[in-house]
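Here the working numbering is used: the first residue of the sequence shown is -2, the next is one more, and so on. Beta carbons are placed, not taken as given, at the ideal position from N, Cα and C, and that holds for glycine. A short write-up of the structure that comes next.
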Amino acid sequence: MYLFVDQLTNVDFSYLDPKRGLVGETWLADFGLQGALDQNSMVCDFGVVKKTFRQWLDLTLDHKLLVPSQSPCLSYQLNDTYIELSWKSQRGEMTLSVPESAITLIDAAEITPQSVAHWCADQAKKLMPNSVSQLDIEFNPEVISGYSYHYSHGLKKHDGNCQRIAHGHRSTINISKNGIRDFDLERQWCQRWSDIYVGTKEDIISENDSQIQFSYQAEQGKFTLQLPKHWCYIVDTDTTVEQIAKHIACTLKQQNQQDEIKVKAFEGIGKGAIYIC
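Structure follows, in structure tokens:
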């Protein structure tokens, strides 16, 4: 008997890619379990499946940086509870020093929905009840009819895992001018923020013509990240979705002073902020 749970949850994270660099991403997670019926005529109670695997994904993938441990672009070392990482690829070089809990090393050469699903299924076997003989996991991006962008960021003031300096999202955006949806403006912003790191100006500790280094102390520890300058978009505020919506709206307002601008910015799937000016 086969039990399935489609779109069990979604995970927001960033990952390292040899061609794209630091990529913010959001995937929906589908689960399937093969097994015999138990004394309750079930493979497994849906409530148990949802709670167990949702919590596991939250701890393992969500709001983390996924790193392909077999990639030739990677070198890293563990120092107590911290990980220091260097990534050298055709798009540039990145260095990172963060608490170990902010990183998940995936035993693969590249991060793809398939490689992460295979790794997760192998790691999560220990969570299966005795009645289950096989666990299948599938990750898919949200189907978006319009445009989307991939961004990474960190929120040092956040009490939870958003404080991690290199986590991210795949998001869409709705922009209206005088009450009419403007798809051209949406396309422009999504192109501008394709695989971008949105950084806060006050978190910059050094900068030159080619590199920017960010660092801050948060509840979980000290986070330091150095990136190629062309990977970054700098704002004067925190990079919450509220401030992102406001920044985009106000930037567009400066260019269209006679118009009302409304920005509905998503953070991952089904949540976000709206700002009108």
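Take the alpha-carbon of serine 86 and the one of glutamine 36: they are about 54 angstroms apart. Contact between arginine 167 and proline 138 holds, since their C-beta atoms are separated by about 6 angstroms, short of 8 angstroms.
With respect to the 8 angstroms criterion, leucine 54 and alanine 163 are not classified as neighbours on the basis of their beta carbons. Under the DSSP assignment, leucine 102 falls in the beta strand (DSSP E) whose first and last residues are 100 to 103. Secondary structure of alanine 270 (DSSP, three-state): strand. Shown here, glutamate 199 sits in a helix according to DSSP, grouped into three states. One Cα belongs to isoleucine 103, the other to threonine 109, and the distance between them is close to 10 angstroms.
Around the Cβ of isoleucine 170, a 10 Å sphere holds 16 or more other Cβ atoms; the residue is buried. In the DSSP secondary-structure assignment, glycine 89 is bridged to Ser86. Given a length threshold of 3 residues, each whole run of the beta strand (DSSP E) inside the region 112 to 137 is given here in chain order: 129 to 137. When the five nearest sequence neighbours on each side are left out, the beta carbons in the same chain lying within less than 8 angstroms of the beta carbon of glutamine 67 are those of Asp104, Ala105, Ala106, in order along the chain. The Cβ atoms of threonine 23 and isoleucine 172 lie no closer than 8 angstroms to each other. Isoleucine 141 has its alpha-carbon roughly 20 angstroms from the corresponding atom of isoleucine 245.
Listed in chain order, the beta strand (DSSP E) runs fully inside the region 2 to 53 are 18 to 32, counting runs of at least 3 residues. Just so you know, the alpha carbons of isoleucine 100 and glycine 176 end up roughly 42 angstroms apart. Between valine 46 and leucine 34, the C-beta gap is not smaller than 8 angstroms, which leaves the two residues out of contact. Of Asp133, Ser128, Gln111, the smallest CA-CA separation from alanine 121 is found for Asp133. The alpha-carbon separation between aspartate 233 and aspartate 200 amounts to approximately 10 angstroms. Residue pairing of histidine 147 in beta bridges, as defined by DSSP: Arg167.
The region 72 to 89 makes contact with the region 4 to 19: 3 or more CB pairs, one atom from each, lie closer than 8 angstroms. Within its own chain, no residue has a Cβ closer than 7 angstroms to the Cβ of aspartate 77 once the five positions on either side in sequence are excluded. Taking 8 angstroms as the cut-off, the beta carbon of tyrosine 144 is found closer than this to the beta carbon of cysteine 187.
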